[in-house]
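Novice: Just passing along the structure, written as structure tokens.
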């Protein structure tokens, strides 16, 4: 019973650490800047 609790906590912690590593390993998204705004013809 206690062993299952420990294994569950360990699996949860491993998943959490993996999520943090994957989120930090992804390359930064490119930042786009708008040079000119064009309004649609009316």
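Residue numbers (this note's numbering): 188 to 229.
Positions of the beta carbon are idealized from the N, C-alpha and C atoms, including for glycine.
Can you tell me whether residue 189 is helix, strand or coil according to DSSP?
Specialist: Here residue 189 refers to the residue found at position 2 of the chain shown. Here residue 189 sits in helix by DSSP.
Novice: By DSSP, does residue 205 sit in helix, in strand, or in coil?
Specialist: The residue given as residue 205 occupies position 18 in the chain shown. Reduced to three states, the DSSP call for residue 205 is helix.
Novice: My output table needs one value for residue 194: the three-state DSSP class, helix, strand or coil.
Specialist: Stepping through the chain shown from its first residue, residue 194 is reached at position 7. If DSSP states are grouped into helix, strand and coil, residue 194 belongs with the helices.
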